[in-house]
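Numbered according to the numbering used here, the sequence shown spans residues 1054 to 1249. Ideal Cβ placement from N, Cα and C applies to all residues, glycine included. Below is one structure, written out as structure tokens, with a few remarks after it.
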Amino acid sequence: GTWGEGEYIVIEDRLTGDRSVVKGPCVWFPESPQQTAKKSEAISMSSTEYVEVVDKLTGNQRIVKGPLTWIPGPYENVIVKNRAISLQEDEYILLKDVSTGRRWIQTGPVLVFCEPTWRVEGTTAKETGVKRAWVLKSNEYLRLLDVATGKVTVHRGEAKVFPGPNDKLMDDGIRQAVAIDSEHAVLVRDEALADE
């Protein structure tokens, strides 16, 4: 058969099970009656696209990033074609590697090409999982609780705040700082010492 540019064939020997790939354009003739050929189109990807691929012999998965026109190996299958997640300067996503359990925050600006074992937490049918950092003015603050360790961190403005992977926002969000001048006082109670 004849194959054009952007096409390829997977040749399989039905006797041995061996496979090979021949890229077009070409004219191919079987070398034995046991050989079969399956024609396919190469996969075109832009700079923001990628494919998840599995090797059918080993079970290993990997990604192939664009921009390129890609031809799989003889034992490779494309699982899915995806778009990279574009994060702006004030955006982040919470990622989890389901093979290790590791969780982390990825901040922008960046294009995120998710590996096959990565999942974006907070993703639903309506939500992409992309969240915005908190932007604090000079008279604002917020507190974050690390639910894994119990540690509370206070972030004061002016600042752009990204959470850690285990952080939860406390106090219903951003709070106003208390203004104290030379004519006013404030009583501060340390809750950690209140029970002593």
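- Separation of Glu1105 and Pro1169 (C-alpha to C-alpha, rounded to the nearest whole angstrom) is 6 Å.
- Along the length of the region 1066-1141, whole beta strand (DSSP E) runs at least 3 residues long occupy 1072-1076, 1088-1094, 1096-1098, 1102-1108, 1114-1118, 1121-1123, 1129-1136 and 1138-1140, reported in chain order.
- Of all alpha-carbon atoms in Phe1166, Arg1156, Leu1189 and Val1163, the one lying nearest the alpha-carbon of Glu1174 is that of Arg1156.
- By the neighbour-count criterion, in which 16 or more other beta carbons inside 10 Å mark a residue as buried, Val1200 falls on the exposed side.
- When rounded, the separation of the alpha-carbon atoms in Leu1222 and Val1133 is 35 Å.
- Going by C-alpha positions, Lys1118 is about 8 Å away from Phe1166.
- Where Ala1212 is concerned, the enclosing beta strand (DSSP E) starts and stops at Ala1212 to Val1214.
- In terms of Cβ geometry, Pro1127 and Ser1073 form a close pair [threshold 8 Å].
- Here DSSP, grouped into helix, strand and coil, assigns Thr1177 to coil.
- The region 1143-1163 makes no contact with the region 1085-1097: fewer than 3 CB pairs, one atom from each, lie closer than 8 Å.
- DSSP places Glu1060 in the strand class (E or B) of the three-state scheme.
- Taking the Cβ atoms as the reference, Trp1056 lies roughly 11 Å from Lys1091, outside the contact range of under 8 Å.
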